[in-house]
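Residue numbers (the UniProt record's numbering): 1 to 199. Below is one structure; the comments refer to it alone.
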């Protein structure tokens, strides 16, 4: 008979101030989708002299997404904008589900759930603006960032303490993993040595 799993102290630390209602929403998650601009980035769009678009991504977020994927949680990026930068970042992180130019994110989330055999209660979404509201209202776990408009914030089940593009996604990933008891294994020496990979 297997011995009961002992949670890692980091999991208890992360969950200490999280309500049981939110933890209950996190435990069944099998698919987590993220907006890009304002969530994985700070929302600013930088243009070079030749019109090229530049966005900044945070390494902490990258490693958090990698941990989610390695723990068996499917990851999707769902963004209203289109461009090669998002596809490149997703490829670096091993994220295969990337939907760009999406105008109806509620419909996109429902389709993703169906494609992956999930109920909407098993799907989470993190967004920060009006276009994200239909998705946030459908999913079992709705997350946002502290600089989101109030009408987005009031829909969210949980708000990151860090702004978009500055570790908000990592905070969300750590929270999901802690609630599912999957964060502890990443503190092993082998996992820590692997953390030098692309983030």
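Virtual Cβ for every residue (Gly too), placed ideally from N, Cα, C.
For residue i, does the three-state DSSP call read helix, strand or coil?
i	result
residue 180	coil
residue 144	strand
residue 18	coil
residue 77	strand
residue 102	coil
residue 85	helix
residue 2	With a pLDDT of 46 at residue 2, under the threshold of 50, the modelled position of that residue is not reliable, and the figure given next carries that caveat. Looking at residue 2 - three-state DSSP - the assignment turns out to be coil, as it is neither helix nor strand.
residue 62	helix
residue 40	coil
Round the Cβ separation of residue i and residue j to the nearest angstrom and send it over; I've been treating them as touching at under 8 Å.
i	j	result
residue 31	residue 157	Residue 31 to residue 157, Cβ: 16 Å. No contact.
residue 62	residue 93	6 Å
Measuring CA to CA, which of the options is closest to residue i?
i	options	result
residue 74	134, 90, 81	90
residue 22	185, 179, 186	179
residue 58	187, 169, 97, 186	169
residue 83	136, 174, 54, 144	54
residue 27	35, 45, 18	18
residue 34	129, 45, 186, 154	129
residue 76	173, 154, 12, 186	173
Can the beta-carbon of residue i be found less than 7 Å from the beta-carbon of residue j?
i	j	result
residue 25	residue 101	no
residue 120	residue 105	no
residue 165	residue 131	no
residue 147	residue 163	yes
residue 143	residue 126	yes
residue 78	residue 99	yes
residue 60	residue 167	yes
residue 14	residue 136	no
residue 145	residue 160	yes
residue 182	residue 20	no
For the ligand NAD, is there a heavy atom less than 6 Å away from the beta-carbon of residue i?
i	result
residue 148	Among the components modelled here there is no ligand, and therefore nothing to report on the ligand NAD.
Does the beta carbon of residue i sit closer than 7 Å to a beta carbon anywhere in chain C?
i	result
residue 118	Looking for chain C here will not work: only one protein chain is present.
With contact counted as at least three CB pairs below 8 Å, one residue from each stretch, are the region 30-48 and the region 4-18 in contact? no
Would the region 63-71 count as touching the region 104-118 if we require 3 or more Cβ pairs under 8 Å? no
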